[in-house]
Structures are given as structure tokens and as C-alpha cells.
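All remarks here apply to the structure that follows.
Residue numbers (my numbering): -14 to 236.
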């Protein structure tokens, strides 16, 4: 809940100026503004290879859901992506992965790419059951999907205990969780389909840890929070990923 519609042009301009010498064609970049700023952001980034996404959506196409927003509305506002199952939605608004599964299906029907957040709690981590928690979340949210759907999905691994703190999860911990998620996908959908899914890392990503995290072979990109509240801050991360990504194709 940051930035107004009027801030979108300044945000895009700051990114464009900071990245004028960077080849952005090798990256897949997206921003997730608040709903009220979506059309302004879509217009502001019109000349840049930066996609727009919503921060949430409802599973219904229309109806008596006062205060909600549909996939069609996001598409109409210029969105390509939609973020689903952020830890704050689960914690403060009672959302469940069963509900998120319905949203994923609706997003795919509408032609949106869902960015599905997954992450274990601090209790899960302390009890050494992080992989168990992630497996349950992933299996629940992807239930009913076909292997062909996976190429349109992004998984955002964001351990809940690492959100809004000073340090991200350690590189070795992140790599292990990403390998586990990829293994679960391969078991359920086949290795070829599993390899089409981008698994990105979020949780206290900043200019100090972005290079190490982006260089991990298991990490397909970064999911940036506070560092991306300004165009200049996000541009710093984009520049780091562009310069140090061994794959040359990370988000």
C-alpha cells in the first residue's frame, strides 16, 4: 500500500534513467502497483519492457463481491501478472491455499500469469518441516492443473520469517528449498514440465544480497519488496541481476 497513481510516471522515469545503459531484453521484469495506480503504471511503462501485475484478485468473473477485483478487471487495467497468496493476505485476511487455487484457475482462464507465493513459518523452520509445509502449499494450489499450465506460472518462494526483516534467508537455505519445490513439480507433472516453471526468491532482498541470490543456479529471479518502493531502488536490483545472472534470463 505504497505510491499513488501520480507517482507511477516518476517511478518509471527513475527506472528508465537508471537503466538506460542496461540490456533489459535478457530479463523479465514486472512491477505490482496498488490497484488504483495500475492504469497509470501501464501507461508510464509503455516504452519499457516492464510488465504490470495486480497484488491480488478474486476467483469469480463477476458478481456480488463488493470490494473485490476480477481477473478481467486486471487485464483491462493493463496487467499481465497477478500476485496470489502473499503471506500478508494469509495472515491478516484469512486466505487459504484452497481459495488461492480457485484464483490461480481464474487467472489462467483470463490469460494472466499468476505469481504464487509459497513460504514456511518460523515454527515450520524451527521444527525442520519447511519442505513439508511447502509441499502441502504447492500440491494444494496446483491441484487440477495440467502440465501445460506450468509454463504460465511463477512460484515466488518467500519464507514468512524472512519478510520485512534485515536479512534474507541464507543462500544455501534458499537453494535447498528451491530444489525441493522443483522436485515436487517434477514428481507430479514430469521433469520437462517442471523445468518450465520459474521459481523466484523473495524475502528481504536488497542491494547487498541480490548478487549472491541471483547467481544461485536454483533461483530464476528475485521478488523484491521494500527495495522496490522507489524506482531508483528497484533499478539497483535490476542492474545487479542483469550484470551477474549466469543464465541471462532471470526476472
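Every residue, glycine too, gets a C-beta built ideally from N, C-alpha and C.
With C-beta atoms as the reference, is residue 238 less than 7 Å away from residue 141?
Since the first residue shown for the chain is -14 and the last is 236, residue 238 is missing from the structure and cannot be characterised.
Around the C-beta of residue 233, are 16 or more other C-beta atoms found within 10 angstroms, so that it is buried, or is it exposed?
Within the chain shown, the letter at position 248 stands for residue 233. Unreliable positioning characterises residue 233 in this predicted model, as indicated by a pLDDT of 46, which lies under 50. The coordinate reading is nonetheless provided below. Exposed, by the Cβ-count rule.
Would you mind giving the Cβ-Cβ distance between residue 227 and residue 12, rounded to the nearest angstrom? I have them listed as a contact below 8 Å.
Sequence index remark: in the chain shown, residue 227 carries index 242 (1-based). Sequence index remark: in the chain shown, residue 12 carries index 27 (1-based). Between residue 12 and residue 227 the Cβ distance is about 6 Å, and since that is below 8 Å, they are a contact.
I'd like the ranges of any alpha helix (DSSP H) spanning at least 4 consecutive residues and lying wholly in the segment 90 to 143.
List check, alpha helix (DSSP H) in window: 107 to 111, 115 to 126.
Under the three-state reduction of DSSP, which class applies to residue 161: helix, strand or coil?
Here residue 161 refers to the residue found at position 176 of the chain shown. Of the three classes helix, strand and coil, the one that applies to residue 161 here is helix, per DSSP.
Put residue 78 into one of helix, strand or coil per three-state DSSP.
Working through the chain shown from its first residue, we reach residue 78 at position 93. If DSSP states are grouped into helix, strand and coil, residue 78 belongs with the helices.
What is the rounded straight-line gap between the Cα of residue 136 and the Cα of residue 184?
Locating residue 136 in the chain shown gives position 151, counting from the first residue. Locating residue 184 in the chain shown gives position 199, counting from the first residue. One alpha carbon belongs to residue 136, the other to residue 184, and they sit about 11 Å apart.
To the nearest angstrom, how far is it from the Cα of residue 113 to the Cα of residue 167?
The count along the chain shown starts at 1 and reaches residue 113 at position 128. The count along the chain shown starts at 1 and reaches residue 167 at position 182. The straight-line gap from Cα to Cα measures roughly 19 Å.
Contacts around residue 204, its chain only, beta-carbon distance under 8 Å, and the 5 residues preceding and following it disregarded:
Here residue 204 is taken as the residue at index 219 of the chain shown, counted from 1. Contacts found: 159, 160, 163, 184, 185, 186, 198, 235.
Under 8 Å, with one C-beta from each stretch per pair, do the segment 204 to 221 and the segment 115 to 131 reach the 3-pair mark?
Taking 8 Å as the limit for Cβ pairs, the verdict is that the segment 115 to 131 does not touch the segment 204 to 221.
Residue 110 and residue 146: beta carbons closer than 7 Å?
The residue labelled residue 110 in the question sits at position 125 within the chain shown. The residue labelled residue 146 in the question sits at position 161 within the chain shown. Yes, they are a contact pair.
Buried or exposed for residue 42, please, with buried defined as at least 16 other CB atoms from any protein chain shown within 10 angstroms of its CB.
Counting from 1 along the chain shown, the entry for residue 42 is found at position 57. Residue 42 is classed as buried because its beta carbon has at least 16 other beta carbons within 10 Å across all chains shown.
Cβ distance (whole Å) where residue 195 is taken to contact residue 225 below 8 Å
Working through the chain shown from its first residue, we reach residue 195 at position 210. Working through the chain shown from its first residue, we reach residue 225 at position 240. Going by Cβ atoms, the distance from residue 195 to residue 225 rounds to 4 Å, so yes, they are a contact pair.
Exposed unless 16 or more other CB atoms sit within 10 angstroms - verdict on residue 35:
In the chain shown, the residue the question calls residue 35 occupies position 50. Buried, by the Cβ-count rule.
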